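Colleague: Numbering (my numbering), first residue to last: 76 to 292. Positions of the beta carbon are idealized from the N, C-alpha and C atoms, including for glycine. Small disclaimer: the values here were computed from a predicted structure and weren't measured.
(1) I'd like to know whether the C-beta atoms of residue 165 and residue 95 end up nearer to each other than 8 Å.
(2) What is the rounded straight-line gap between the Cα of residue 281 and the Cα of residue 92?
(3) Residue range of the alpha helix (DSSP H) that residue 244 falls in?
(4) Taking Cβ to Cβ, would you say residue 246 is nearer than 8 Å to residue 257?
(5) Grab me the residues of residue 292's own chain with a C-beta within less than 7 Å of its C-beta, minus the 5 sequence neighbours each way, in chain order.
(6) Tell me the rounded alpha-carbon separation between residue 152 and residue 237.
(7) Tell me which residue opens and which closes the alpha helix (DSSP H) that residue 266 is part of.
(8) Can you tell me the Cα-Cα spacing of residue 112 and residue 284, whole angstroms?
(9) Taking Cβ to Cβ, would you say residue 221 is nearer than 8 Å to residue 212?
(10) For a quick check, are the C-beta atoms of residue 127 and residue 83 less than 8 Å apart?
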C-alpha cells in the first residue's frame with residue numbers, strides 16, 4: 076500500500092508540472108497574439124484553456140481520491156492540501172492567459188489598448204512568462220531560491236501595473252483616446268497583474284509545504 080501511495084504522490088507532482096508547463100505556453104502565446112494581433116494564435120490559446128481545465132479537474136480528482144483512500148498525515152497531508160489549492164491557482168492563470176488572447180481576438184485587425192501603455196503591458200506579459208517558467212522549475216526542483224525570485228519579481232509587476240493605471244487615468248481625463256481602448260488596457264493590466272499574484276500564491280504554498288506553519292511567521 077505504501078508503494079502505491081508513493082506512486083500516487085509522484086503522479087500528483089507530475090500533474091502539477093504538466094499543468095504549469097501548459098500555463099507557461101498559454102501566456103507565451105497569448106502575449107504574442109496580443110503583441111501582433113495574431114488571431115490564429117489567440118484562438119489556439121482560447122481553445123487550449125479547456126485542456127488546462129480538464130487537466131486540473133483530473134488532478135483534483137486524484138488528490139481527493141488520495142485523501143479518501145490513503146488518509147495522509149503530516150508532510151504528505153500538507154502536500155495534498157496545498158496541491159488542491161495550487162491547482163486552482165494554475166487553472167485561473169490559464170484563464171487569465173485566455174483573457175489576454177480574447178482581447179487580441181476581439182480587436183483584430185487593430186491592436187488592443189492605447190499606444191501609450193502597450194509597451195508597458197508587453198513588459199508585464201514578459202515578466203509573467205518568466206514567472207510561469209520559474210513555477211515550472213520550482214515544481215520540478217523545489218528549490219527555495221525560486222520562491223524568493225517569484226515573490227521579488229511580483230514587486231516589479233505591481234509597479235508597472237500602477238504605472239499603466241496612472242497613464243490611463245491621464246488619458247481618460249484629457250480625452251486623448253477612445254473608451255474602448257482604455258477599457259481594453261485596464262482589463263489587460265488587471266489580468267497580467269493577477270497572473271503574477273497567483274504565481275506568488277503558489278510559491279508561498281510550496282514554502283508552507285516545505286517549512287510548515289512557521290513559513291508564515
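Modeller: Considering the structure as presented:
(1) Yes.
(2) Straight through space, the alpha carbons of residue 92 and residue 281 are spaced by roughly 13 Å.
(3) If you look at residue 244, you'll find it in the alpha helix (DSSP H) that goes 219–249.
(4) In this structure, residue 246 places its C-beta atom within 8 Å of the C-beta atom of residue 257.
(5) The predicted model places residue 292 with a pLDDT of 46, which falls under 50 and marks its position as unreliable, so this point remains unresolved.
(6) Taking the straight line joining both Cα atoms gives about 38 Å.
(7) Under the DSSP assignment, residue 266 falls in the alpha helix (DSSP H) whose first and last residues are 254–286.
(8) Our two residues, residue 112 and residue 284, have alpha carbons roughly 41 Å apart in a direct line.
(9) The Cβ-Cβ distance between residue 221 and residue 212 falls below 8 Å.
(10) Between residue 127 and residue 83, the CB-CB gap reaches or exceeds 8 Å.
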